[in-house]
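To keep things clear, I will list the structure first and then write my remarks on it.
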Ligand code: TEU
Ligand code: CA
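Numbering (the working numbering), first residue to last: 289 to 842.
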């Protein structure tokens, strides 16, 4: 396999609105990110992905872009962005921006022009259909609830939006639109970006001609996913985008890809794939229900193990997955993947080790390195996120009581990950000197960067050691390129695997509170990482403590 500059990197996702506020308006900003670059460098991060900071009405927190060539004044200026890229470069770091081109904002000038002249050039940038009284062009339900169709203001047409109504879908079938997208990507890459994370990209190809599918809820609508499953030919768009943009710059591109077909993996992330990498969402989507969040089933340690191993098997040596525990759309991983009541520094570190040592590119979401946890929501009024608000209504409509509905939403709410980063035990966790836009998690007095950086046994320092291990010249080749082989796969609540390359490493996590004995197949040369002070070993049998994680050189 041809080696690429990003293979051995460690990436970190920043949600700008909640990372660090430099000017006291309660909103995180780019100067704030610049001032924390040394913090990230110290941790060992190489690649920083910023969730969107383009001009936006923030209907979906920036995933609704009104100008692809700007920076939202709330986040800073273009000079700030250029400075961020330059400051990152000085530290051998790379900045990725978020490429949100399945849709724009209804406040983008393209959309405004489409409203003025739906039959003109910009009408062709969107999916427009003639409005018929009492009927929608198709019966698809948007990801955020309700029909995907809304009236195109001032016209007798309707437009398609698979997400929020303020996020009209762009028509990728139109070559003029595609040219605009490529021009914009190249414009940013010329500024020295390392690449892009590519949002919701599987939605750009619709199954044509548009038509109804079998309804899947009482609302008479069907999930837009039913249509996507029938869409063919997305590769033509993705290959063209790669050739016209990323490839020329040797840029890193990581796709938010939910529904690729297994046989298409080589096209997506193989040598000369459409993307450098795609996220592994196998554990993220486990147990989710077509009915809504309220109907989802919990994920157990066994499920988590199987999800990771299945994804690893599927990809094998074809390419590189990007491995995540959480992101801005998910609850906090430690609250989600660790059985209720067992969330503690040891279990957080175990989850970190098990995920981080998988083959692929590790992505850390801001605060994950501190072991930040879900938020104790006490009322739906405290929830800002549009997706959570919709899911609350879905749960109520399904007959749940308000308490039960809140409970379901609290477990999955995207706001769990969106509360301000916990920097210190100062007011508002040191995130802002003003009033934060979203309430800080009350546990910031104990879970915060300042406290953890000075505590050698903290979750933060464990992450730092994991990253250092990945970069250790003795082990880097094995951790980056070595094959993954499950060990004692059938053993209940044990997740263990080999990484075999120049060296042989064994990663073992006792995924439960109870201790459990593990007999090694061969002598262990060295303990590379341990989330406990000691290893209790008799002969070749290790008595693993509750949630103990070990990385051994064999
Ligand atoms: O998410 C795409 C996506 O599939 C989401 O619908 C996801 O399932 C949902 O957030 C769960 O509630 C991307 C972005 O990551 C997300 O923040 C945006 O809201 C969305 O695209 C629209 O741009
Ligand atoms: Ca600010």
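In this text, a Cβ means the ideal position worked out from N, Cα and C, and glycines have one as well.
In this text the structure is predicted, and so the values were computed from the model without any measurement.
| query | result |
| --- | --- |
| With a threshold of 16 other CB atoms inside 10 Å of the CB of residue 255, please say whether the residue is buried or exposed. | Outside the shown range of the chain, which is 289 to 842, sits residue 255, and nothing can be said about it. |
| Going along the chain, which residues of its own chain have a beta-carbon closer than 7 Å to the beta-carbon of residue 389, five neighbours each way excluded? | 458 and 469 |
| Can you list, in chain order, the residues of its chain whose CB lies under 6 Å from that of residue 343, leaving out five sequence neighbours each side? | 354, 355, 358 and 360 |
| So what does DSSP say about residue 812, is it helix, strand or coil? | coil |
| Does the structure place the segment 747–766 close enough to the segment 669–677 that three or more beta carbon pairs sit under 8 Å? | no |
| Indicate, with yes or no, if ligand 1 has a heavy atom lying under 8 Å from the CB of residue 351. | yes |
| How would you write the range of the alpha helix (DSSP H) that residue 325 sits in, first residue to last? | 325–331 |
| Assuming residue 501 and residue 514 make a contact with CB atoms under 8 Å, what is their CB distance in whole Å? | 4 Å |
| So residue 289 and residue 605 are in contact, right, with Cβ under 8 Å, and what is the actual spacing, rounded? | 7 Å |
| If you follow the beta strand (DSSP E) that residue 447 is in, where does it begin and where does it stop? | 445–448 |
| Using a 10 Å radius around the Cβ and a threshold of 16 neighbouring Cβ atoms, would you call residue 352 buried or exposed? | buried |
| Which residue spans inside the segment 651–728 form an unbroken alpha helix (DSSP H) run of at least 4? | 674–685 and 690–700 |
| From residue 599 to residue 783, what distance separates their C-alpha atoms? | 14 Å |
| Ordered along the chain, which non-local residues of its own chain (more than five positions away) have a Cβ less than 7 Å from that of residue 377? | 480 |
| Could you give the C-beta distance for residue 525 and residue 493, rounded to a whole number, given that I count them as a contact under 8 Å? | 6 Å |
| In its own chain, which residues sit with a C-beta less than 6 Å from the C-beta of residue 808, not counting the 5 before and 5 after it? | 828 |
| Measuring straight from C-alpha to C-alpha, what distance separates residue 739 and residue 712? | 7 Å |
| On a Cα-Cα basis, can you pick out the residue from 339, 662, 826 and 729 that is closest to residue 697? | 662 |
| With a Cβ-Cβ cutoff of 9 Å, do residue 615 and residue 717 count as a contact? | no |
| If I measure Cβ to Cβ from residue 332 and keep anything under 7 Å in the same chain, skipping five residues before and after, which residues do I get? | 298, 752, 755, 756 and 759 |
| Shortest alpha-carbon distance to residue 773 belongs to which of 624, 597 and 308? | 597 |
| Between residue 822 and residue 743, what straight-line distance do the alpha-carbon atoms span, to the nearest angstrom? | 18 Å |
| Would the beta-carbon of residue 383 fall within 9 Å of that of residue 338? | yes |
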